[in-house]
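In the working numbering, each residue carries its 1-based index in the sequence shown increased by 68. Glycine is no exception: its CB is placed at the ideal position from the N, C-alpha and C atoms. Taking it in order: structure first as structure tokens, then the write-up.
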Amino acid sequence: MALRKIVLEGDEILRKKTKDVKEINGRICELLDDMWETLEEHNGVGLAAPQVGVLRRIAVVNTGEDGVKVELINPRITESSGTAEEEEGCLSIPGFVGTVNRPERVRVEALNRQGETVAMEGEGLLAKALCHELDHLDGILFIDKATDVRSLEDDA
Ligand code: CO
């Protein structure tokens with residue numbers, strides 16, 4: 069495993085649409101392992117492949133809630149309901165937060181490392197994180213959707 073460098077806002081790779089993973093091979097598994105290590109190093113909730121410079125539909129989410137560590141290959145939101153307005157940030161936009169309106173509950177289908185289709189339902193923080201990471205896979209950042217974006221330094 070190895071730490072990967074996080075791509076910061078302003079780099080156009082974060083604005084590109086990612087491509088589906090065609091074959092889950094050793095390189096993809098290594099990428100996933102590296103993404104977990106990088107996410108943990110930065111105490112993040114989620115990380116999407118474009119944030120480490122890879123234009124594939126891959127993301128990892130760890131909400132810190134018991135046992136919620138999800139690995140997503142080719143994820144799609146298949147259902148969503150409700151709305152929740154919450155503050156969020158992004159490892160690619162350090163030092164900033166914004167208020168974003170997201171679905172309160174989502175159902176996501178993805179592949180796991182074994183290539184099996186898995187479905188998961190998330191609400192609250194998990195729903196927010198899933199939506200945030202899936203947006204990354206389409207080149208969308210939270211600052212595009214936030215009703216307000218502010219520097220954390222303003223709070224100091
Ligand atoms: Co992000």
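Which of helix, strand or coil DSSP assigns to residue i
i: T106; result: helix
i: E201; result: helix
i: I81; result: helix
i: V186; result: strand
i: K137; result: strand
i: I208; result: coil
i: L159; result: coil
i: A116; result: strand
i: A214; result: coil
Opposing strand residues paired with residue i [DSSP bridges]
i: F164; result: S219
i: R95; result: DSSP output for R95 lists no bridge partner at all.
i: I44; result: No information on residue 44 is available, as it lies outside the stretch 69 to 224 that the chain covers here.
i: K87; result: R124
i: V176; result: I145 and M188
i: N169; result: E153
i: N130; result: K137
Cβ separation of residue i and residue j, assumed to be a contact under 8 Å, to the nearest whole Å
i: S146; j: R175; result: Note on residue identity: the sequence assigns Thr, not Ser, to residue 146. Correct: roughly 5 Å between the Cβ atoms.
i: I74; j: V120; result: 7 Å
Inset, instruction - Examine the Cβ distances between the stretch 172-183 and the stretch 215-222 and report whether three or more of them are shorter than 8 Å. - result: These segments do not touch.
Inset, instruction - Specify whether the stretch 129-143 and the stretch 151-161 touch according to this definition: at least 3 beta carbon pairs, one from each stretch, less than 8 Å apart. - result: no
Inset, instruction - Could you tell me whether the stretch 181-190 touches the stretch 200-215, where touching means 3 or more Cβ pairs closer than 8 Å? - result: no
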